[in-house]
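S.K.: Taken in sequence, the protein lines are chains L and A.
So for the first sequence, our numbering puts the first residue at 1; every next one is plus one.
So for the second sequence, our numbering puts the first residue at 297; every next one is plus one.
Beta carbons are placed, not taken as given, at the ideal position from N, Cα and C, and that holds for glycine.
Here you go, one structure.
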Amino acid sequence: MAGKKETFSGEKIYKLFIYIALITLAISIIIPVGWVFLASIKQNAEFYGNPWALPQGFYVQNFISAWTKAKMGEYMWTSVLVTALAIFILLIVALPAAYVLARFKFTGKKILSALFMAGLFINVNYIVVPIFLMFVDGDAVLKSVFGTGFLLNNPYILALVYAATALPFTIYLLTGYLITLPTDFEEAAYVDGSGYFRTMTRIILPMAKPSIVTVILFNFLSFWNEYIISMTLLSSANGPKTLPVGLMNLMKAQNAAAQYGQMYAGLVLGMLPTLILYMIVQKKLTQGMTLGGLKG
Amino acid sequence: MKKGKKSVLFITLCLAPAVILYFIFMIIPTVNVFRMSFYKWGGYSNNKLFVGFDNFVILFRDMKFMQSMQNSLLLIALVTIFTFGLSILFAAILTKEKIKGKNFFRVVFYIPNVLSVVVIAAIFSAIYDPNNGMLNSFLSIFRRDSQPVYWLGDQKIVIFSLAAAMVWQAIGYYMVMYMASMASIPESLYECADLEGAGRITQFFHITLPLIWTNIRTTLTFFIISSINMSFLFVKAMTGGGPDGSTEVFLSYMYKQAYTNSSYGYGMAIGVIVFLFSFGLAATVNFITKREPIEF
C-alpha cells in the first residue's frame with residue numbers, strides 16, 4: 001500500500017511540474033506582448049520608472065503622433081496595398097500553373113515541376129541584392145529612354161517581387177491539393193462542351209477553395225511581416241515604406257529621441273492586424289500547416 | 297482528355313506568367329549570385345573585373361567572416377537543440393496528458409509565429425533593456441547587487457539573448473506540427489505499453505519518438521536551412537551585428553558587404569559559400585539521423 005501511495009504523490013508532482021512548464025512558457029509569451037499594448041498608452045515620463053507599473057491613463061496622443069508624425073498611417077496603407085496586390089498577382093499566376101501541372105500531360109512537365117521544386121530551396125535573402133542590382137540597371141536604362149525609372153522605390157514592383165518569390169511554395173501546395181481532387185466533374189464538363197478555361201474557373205476554382213484559403217493565410221502573414229526585400233527595394237529615405245521597415249526606423253529613432261510611447265503605439269499598429277487575423281482563423285491556420293507540409 | 301492545338305494553347309497560357317515571373321525574379325538572380333562571385337565589382341560604377349576564385353581566397357582569410365561563421369554555427373546549434381527539445385516535449389505533453397486548457401496553450405504558443413521579426417525584435421529590446429527592461433527588473437527581485445545585465449550590450453551574453461528570442465519565436469510552430477503527427481499514433485500502442493508496465497519516459501522514447509522520427513528528420517533538415525535565414529532576420533532587426541561583430545552571422549555579413557558596403561562581387565562570394573554550406577550541413581544532418589523507418 002505504501003508503494004501505491006508513493007506513486008500517487010509522484011503523479012501529483014509530475015502534473016504540477018507539467019503545469020509549471022506550460023504556464024511559464026505561456027506567460028513568457030503573453031506578458032511581453034501584453035506589455036507592449038500597455039506601453040503604447042503610457043506617457044513618455046512613465047517609461048523611466050518601474051516597467052511593471054500600470055499606465056496612468058489612456059494616452060491616445062501616442063497613436064495620433066505614430067499615425068501622423070511617424071507616418072505609420074502612410075506605411076500601413078503601403079503595406080495593405082503591397083500585401084493585397086501581391087496575393088492577387090500570386091493567385092492569378094499560380095492557380096492556372098498549378099492546375100496545368102496537376103492535370104495535363106505535356107512534354108517538359110517533369111522538368112518544369114522539378115524547376116519549381118528547386119525554387120523551394122532558394123531563399124530570398126540570397127537573391128535580394130541581385131534583384132536590387134537588376135533594378136538599378138533597369139532604372140538606368142529606363143532613365144535614358146523615358147527620362148525616369150520606376151523599378152526601385154515602387155510598391156507595385158515590390159508586390160510583383162513578393163508574388164514571384166512566393167511562387168514555388170504556392171505552386172507546390174496547390175498542385176499537391178489539386179492532384180487529390182476527383183476528375184469526374186471536369187470530364188462531365190468537357191462532355192457538355194465546356195472549354196478549358198471555363199472548366200478551370202467554374203469547376204476547379206470552387207473545389208480548390210480550401211487550399212486557396214491556406215495560400216492566402218500563409219502569404220498574408222509572410223508578406224505583411226517581410227522586411228528585408230522591402231528595406232532593400234524601397235530604400236529612398238522619403239519614399240514609400242512598408243510597416244515593418246517604418247517600425248525599424250522608428251526603433252532606431254527611438255534610441256536617439258526617446259519617443260517610447262510613439263514607438264510602442266506603432267508596434268501595436270503593426271501587430272494588431274496579424275493578431276486579429278490569427279484569433280479569427282487560428283484553427284484553419286494550424287490545420288493548413290499540416291495540409292501544406294513544410295514552410296521553409 | 298482532349299488533345300490538340302487548343303490544349304497546347306491553354307497549357308502555354310496557364311504556365312507562361314508563372315514561368316516568366318519565376319525566371320526573372322528567381323532563376324536569373326540565383327544565377328547572378330554565382331556569376332558575380334567571380335568578379336571584383338564595387339560601387340555603382342560598372343567596372344566589373346573577372347578575378348576567378350580570388351574572392352573566395354580572400355574570404356577564407358577574412359577573420360570577420362570566420363567570426364560570423366562561428367556565431368552562425370553556435371546560433372544554429374543552440375536554437376536547433378532548444379527549439380526541437382522543447383517543442384517535442386511540449387507537443388508530447390499536450391497530446392498525451394489530460395491538461396486543462398489544452399487548446400488555450402496551443403493557441404498561445406503559436407502567437408510568436410504570426411508576428412513580424414521586427415515586432416519580436418522590439419518586444420525583446422523592451423525585455424532586454426538594461427535599465428528599465430522587464431528581465432532585469434524581474435531578476436532584481438532575486439539579485440541584491442543592482443548592477444544591470446547588458447543582455448544585448450555584453451559581447452559574451454548577446455548571442456544567447458539572440459538565441460532565446462529565436463527559440464521563443466519558433467517553438468509554437470514546430471510544436472503544433474509535432475502535435476499533429478503525434479495525434480496520428482494509435483492509442484492502442486500506449487495501452488499495450490501501459491499494461492506491460494512501461495512508464496511515461498519509456499513510452500516516449502520507445503513509441504512516440506521512433507514513430508514520428510521521419511517527421512522530425514524532415515523538419516530538422518528544413519529548420520537548419522531556415523535558421524541560417526532566421527538568424528539574419530533577427531540580427532538585422534535586433535543587434536545589427538554588434539556589439540563589435542559579436543552577433544554577425546553568415547547572411548548579415550553578406551548583406552553588409554554586398555549592400556551596405558557595395559562590394560557586390562565579394563558579397564556574392566559569401567552568398568555562394570553560405571548556400572553550399574547550408575546544403576552540406578542539411579545533407580550531413582539528414583545522413584546522421586537516418587534510421588530504418590518504423591511504421592504502425
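State the DSSP-derived secondary structure class of A:V335, mapped to helix, strand or coil.
M.R.: In the sequence as presented, Val is not what sits at residue 335 of chain A; that position holds Tyr. In this structure, A:Y335 counts as strand in the three-state DSSP scheme.
S.K.: Going by DSSP in three states, L:L54 sits in which element: helix, strand or coil?
M.R.: coil
S.K.: Is it true that the CB of L:A94 sits closer than 8 Å to the CB of L:L174?
M.R.: yes
S.K.: Can you check whether the C-beta of L:Y59 is within less than 8 Å of a C-beta belonging to chain A?
M.R.: no
S.K.: Under the three-state reduction of DSSP, which class applies to L:F223: helix, strand or coil?
M.R.: helix
S.K.: At a Cβ threshold of 8 Å, is L:M207 touching chain A?
M.R.: Chain A, which has no Cβ nearer than 8 Å to the Cβ of L:M207, makes this no.
S.K.: Name the residue from L:N153, L:L285 and L:P240 whose alpha carbon lies nearest to the alpha carbon of L:L217.
M.R.: The candidate whose alpha carbon is nearest that of L:L217 is L:L285.
S.K.: CA-CA distance, L:E186 and L:D192?
M.R.: 10 Å
S.K.: In chain A, which residues lie with their C-beta within 7 Å of the C-beta of L:W35?
M.R.: Chain-ordered, the chain A residues with CB closer than 7 Å to the CB of L:W35 read A422 and M430.
S.K.: May I ask whether a heavy atom of the ligand FAD can be found less than 7 Å away from the beta carbon of A:L572?
M.R.: As far as ligands go, the structure on display features none, and thus does not contain the ligand FAD.
S.K.: Could you list the residues in the segment 356-390 of chain A with a C-beta less than 9 Å from some C-beta on chain L, going in chain order?
M.R.: Residues of the segment 356-390 of chain A that bring their beta carbon within less than 9 Å of a beta carbon in chain L comprise L382, L385, F386, I389 and L390, in sequence order.
S.K.: Take the Cβ of L:T180 as the centre, count every other Cβ of all protein chains shown within 10 Å, and call the residue buried at 16 or more, exposed below.
M.R.: exposed
S.K.: I'd like to know whether the C-beta atoms of A:V410 and L:L275 end up nearer to each other than 8 Å.
M.R.: yes
S.K.: Decide yes or no for the touch test of the segment 241-249 of chain L against the segment 372-391 of chain A: beta carbon pairs closer than 8 Å, at least 3 of them.
M.R.: With a cut-off of 8 Å, the segment 372-391 of chain A and the segment 241-249 of chain L do not count as touching, because too few Cβ pairs lie within range.
S.K.: Anyone know if the C-beta pair for L:V215 and L:V36 falls short of 8 Å?
M.R.: no
S.K.: Along the segment 497-528 of chain A, what residues have a CB closer than 9 Å to any CB found in chain L?
M.R.: T514, T515, F518, I521, S522, I524, N525 and F528
S.K.: Once the 5 residues before and after L:A98 are set aside, which same chain residues still bring their CB inside 7 Å of it?
M.R.: I171, L174, T175 and L178
S.K.: Report yes if the CB atom of A:I520 is closer than 8 Å to the CB atom of A:Y474, and no otherwise.
M.R.: no
S.K.: Residues in its own chain within less than 8 Å of A:A479 by CB, not counting five upstream and five downstream?
M.R.: T391
S.K.: Along the chain, where does the alpha helix (DSSP H) containing A:R357 start, and where does it finish?
M.R.: D350 to R357
S.K.: Look at the alpha carbon of L:G10 and the alpha carbon of A:E393, and state the distance between them as a whole number of angstroms.
M.R.: 15 Å
S.K.: Should the segment 322-331 of chain A be regarded as contacting the segment 526-540 of chain A, the criterion being three or more beta carbon pairs within less than 8 Å?
M.R.: No, they do not touch.
S.K.: Have a look at A:L311 and L:P182 and give me their C-alpha separation to the nearest angstrom.
M.R.: 22 Å
S.K.: Any C-beta of chain L sitting closer than 8 Å to the C-beta of A:L458?
M.R.: Taking Cβ atoms only, chain L never reaches closer than 8 Å to A:L458, which makes this a no.
S.K.: Can you find a C-beta in chain A that's less than 8 Å from the C-beta of L:P130?
M.R.: yes
S.K.: Express the C-alpha separation of A:V463 and L:K209 in angstroms, rounding to a whole number.
M.R.: Distance between the alpha carbons of L:K209 and A:V463 is about 34 Å.
S.K.: Counting along the chain, where does the alpha helix (DSSP H) carrying A:M322 start and finish?
M.R.: Segment: none, A:M322 is in no alpha helix (DSSP H) and carries neither H nor E.
S.K.: Check this for me: beta carbons of L:M72 and L:G266, under 8 Å apart or not?
M.R.: yes
S.K.: Any beta-carbon of chain L closer than 8 Å to the one on A:V531?
M.R.: no
S.K.: According to the neighbour-count rule (16 or more other Cβ atoms, all chains shown, within 10 Å of its Cβ), is A:M362 buried or exposed?
M.R.: exposed
S.K.: Residue ranges of each alpha helix (DSSP H) run of no fewer than 4 residues wholly in the segment 453-537 of chain A, ordered along the chain?
M.R.: You should have 454-479, 483-491, 496-499 and 509-534.
S.K.: Taking 8 Å as the CB-CB cut-off, is L:Q282 touching chain A?
M.R.: yes
S.K.: I'd like to know if the segment 343-357 of chain A and the segment 563-573 of chain A are in contact, where contact means that at least 3 CB-CB pairs between them fall below 8 Å.
M.R.: Because the criterion of three Cβ pairs below 8 Å is met, the segment 343-357 of chain A and the segment 563-573 of chain A touch.
S.K.: Can you pull the chain L residues whose beta carbon is under 8 Å from the beta carbon of A:E544, in chain order?
M.R.: Near A:E544 there are no residues of chain L at all, since even the closest Cβ is about 15 Å away, more than 8 Å.
S.K.: Just the chain A side, please: which residues come within less than 7 Å of L:N125 by C-beta, in chain order?
M.R.: N525, F528 and L547
S.K.: Rounded to the nearest angstrom, what separates L:S144 and A:Y549 at their Cα positions?
M.R.: 34 Å
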